[in-house]
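For the sequence shown, the working numbering assigns the number 183 to the initial residue and increments by one for each residue that follows.
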Amino acid sequence: MVARVRSRAAMAAVLVIAMGMAMSGWAHTTWGLETGSGGFGHHPEMPRFQVVSRVRHHGVSPDPRGQLGSGGVAVAHLAGGRAVRTRSIVSNAPDARLFRTGFGSWEPTMGVTKNGNLFFNATTNTGGGQIIESTNGGKSWKSVFDRHAFTADPYMFVDSKTSRVFANDYVPPCHLVSFSDGQDWTTAPPAGCYDQADHQTLFSGPPPDGGVPTIGYPNVVYLCSISAGISIGSTASTCSKSLDGGLTFAPTGTPAFYDDPTQTGDYDVPGLCNGANGHGFVGPDGTVYLPRGWCGQPWLAISHDEGATWTRVQVSDLGMPCCGKLTGDDASAIFSHEAGVVADKNGNVYYGWVAADRLPYLVVSHDGGETWGKPMMIGPPGLKEALLPGIAIGPNGGVVVRYMGSENSPWNGKTATGSYDHETWNAYLTLTKDPGAASPVFYSATVNDPADPMWVGECGPDPVRCGWGDFQDVVVDRGGGVWSVDIDLCDGPKKCGDGEAVVGHLVGGPKL
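Structure, rendered in structure tokens:
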């Protein structure tokens with residue numbers, strides 16, 4: 183969560199306050215959050231989106247087929263938004279489905295177990311947090327965990343190898359982690375106290391060759407987040423790890439990212455790049471990848487020793503969106519930080535982000551992240567602007583990128599040429615079964631029917647994110663099927679305000 187600061191003097195004050203709060207464990211306020219009773223916090227954009235007053239279906243999707251309000255058949259295209267009209271390719275396009283959940287949410291993350299059960303994190307009408315489950319492919323939903331105080335930094339994760347479900351909330355000065363292998367939930371002692379702050383990512387994977395062995399659980403569980411301060415007042419991204427399946431966590435080692443005075447910084451301050459990272463990923467060989475927009479460019483931190491040391495690689499020079507104002511010319515604000523990464527068993531690494539031109543890109547490395555190819559603009563024909571990217575990889579090596587996007591934005595790649603009053607935003611899924619090919623075929627679909635957008639009006643870049651928060655999520659199940667979670671902020675094309683979590687699914691098409 184972030185807030186705008188309009189001067190260097192104000193920025194300096196934020197840094198002092200944030201550092202003091204992080205070191206002292208002060209009752210609670212993250213910059214951009216407000217203190218609530220019981221340690222609750224909320225983002226300034228959140229209050230009107232927590233309660234889903236218009237929803238009447240209470241956990242049962244109105245259309246169990248998922249077709250009502252969905253976006254329909256995907257468009258086939260190549261990189262650069264070049265349409266494909268070959269009949270055999272077009273006929274293989276997947277069809278979007280949309281399942282309404284009846285729950286509100288904020289920065290939803292998602293997971294799927296080996297048997298196909300779906301999970302995401304949601305809010306309650308009283309301001310709490312909960313984990314929601316569907317055992318029937320999105321047709322109905324129920325709360326299965328609500329023991330954490332909700333903050334503006336909720337997170338959940340499903341380990342695809344074990345199907346263990348993790349719930350994580352940042353309640354300053356500590357992270358709360360609970361997990362379940364089925365019926366019961368275990369809550370671990372607070373983690374990351376005073377060392378790690380907000381905007382966390384929780385993920386897992388096998389230990390690398392020569393790594394510290396795990397105890398009673400096959401995977402190493404990682405918790406990475408902002409550090410050395412909170413939110414925009416932070417100066418580093420650091421990680422902790424658990425070798426016992428999430429019971430205990432310990433710092434991994436050196437920071438994955440830290441202030442670098444040689445880099446362009448936020449607020450015109452050289453090196454001031456805060457610590458907000460994207461969602462982490464562990465490759466099949468145990469390599470840890472942590473992506474983020476760092477000092478205005480897309481970067482990736484790579485560790486081969488469970489986070490003890492890191493190598494940082496800039497994956498492209500196409501930049502990150504900037505800077506708060508829709509016109510993109512406000513030098514007194516921050517660069518976007520969201521980016522995603524996945525890797526396959528062959529050493530290929532795939533990195534997705536929204537570049538400075540506000541369009542979604544995918545770039546590929548064939549050598550474990552050391553060098554990178556030419557970035558591919560993966561948006562469909564007609565896309566003008568995007569934000570909040572996420573990425574997932576399937577069991578067959580296919581990749582999907584999700585993002586919010588607009589086809590009627592006044593943005594022309596460099597500046598806004600008109601008003602954002604009527605700009606419509608939709609939830610996009612772009613997939614390819616062969617992301618490492620010289621010229622992969624992409625399929626792009628909107629989860630929602632564009633006639634009923636997810637939001638109308640201005641949104642993005644950071645820190646203007648409507649009522650969505652920093653991210654939404656996408657996963658791939660064991661059969662190669664794509665699932666996503668988004669927040670629908672509009673009831674029809676004109677009435678926007680309440681937020682409902684909706685789950686997207688692609689039927690047919692290539693299995694990732």
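By construction, the Cβ of each residue, glycine as well, lies at the ideal position given by its N, Cα and C atoms.
In the three-state DSSP reduction, G415 falls in the helix class (H, G or I).
A Cβ-Cβ contact shorter than 8 Å links G298 with D659. For K527, same chain residues with a beta-carbon under 7 Å away, outside a window of 5 residues either side, are P466 in chain order. Shown here, D363 sits in coil according to DSSP, grouped into three states, outside any helix or strand. Collapsing the DSSP output to three states places V536 in a strand.
Within the same chain, F301, F302, N303, A304, S325, V326, F327, D328, M338, V347, A349 come within 8 Å of I313 by CB-CB distance, once the 5 residues on both sides are set aside. The region 592–602 makes no contact with the region 544–561: fewer than 3 CB pairs, one atom from each, lie closer than 8 Å. For the pair A574 and T444, the Cα-to-Cα distance works out to about 32 Å.
In the structure shown, V583 adopts extended strand secondary structure according to DSSP, grouped into three states. Unbroken beta strand (DSSP E) runs of no fewer than 3 residues, entirely contained in the region 629–670, are found at 655–658, following chain order. In the structure shown, I271 falls within a helical segment according to DSSP collapsed to helix, strand and coil. Assigned with DSSP and collapsed to three states, Y376 falls in coil, not helix or strand.
Within the DSSP bridge table, the entry for V470 names V464, S485 as partners. By the neighbour-count criterion, in which 16 or more other beta carbons inside 10 Å mark a residue as buried, C375 falls on the exposed side. Closest in C-alpha terms to C678, from the list W481, P635, K321, Q654, comes P635. Relative to the Cα of E682, the nearest Cα in the group A261, A432, T469, W323 belongs to W323.
Look at Y399 here: in three-state DSSP terms it is coil, with no helix or strand label. Take G579, set aside five residues on each side of it, and the residues of its chain with a beta-carbon closer than 6 Å to its own are D526, in chain order. For V545 against S485, the beta-carbon gap comes to about 20 Å, at or over 8 Å, which does not count as contact.
Take L541, set aside five residues on each side of it, and the residues of its chain with a beta-carbon closer than 7 Å to its own are M559, G561, L565, A568, in chain order.
When the Cα atoms are used, V359 and T614 turn out to be separated by approximately 34 Å. Within 10 angstroms of the beta-carbon of I669 lie 16 or more other beta-carbons, which makes it buried.
Of the residues assessed, Q496 falls on the exposed side of the cut-off, its CB having fewer than 16 other CB atoms within 10 angstroms. Using a 10 angstroms sphere on the CB of S287, the tally of other CB atoms reaches 16 or more, which defines it as buried.
C356 is the residue among S409, L429, C356, G320 whose C-alpha sits nearest the C-alpha of A331. DSSP places N350 in the uninterrupted beta strand (DSSP E) bounded by 347–353. For the set S591, G550, V581, the Cα lying nearest the Cα of L482 is the one of G550. The three-state secondary structure of D450, taken from DSSP, is helix.
C477 places its beta carbon less than 8 Å from that of T446.
The C-beta distance from N401 to K343 rounds to 6 Å, short enough to meet the 8 Å contact threshold. Closest option to S270, judged by alpha-carbon separation, among A432, V623, L405, D652: V623. Residue state for H357 is assigned as strand, using DSSP reduced to three classes.
Looking at the DSSP output, W607 shares a beta bridge with W637.
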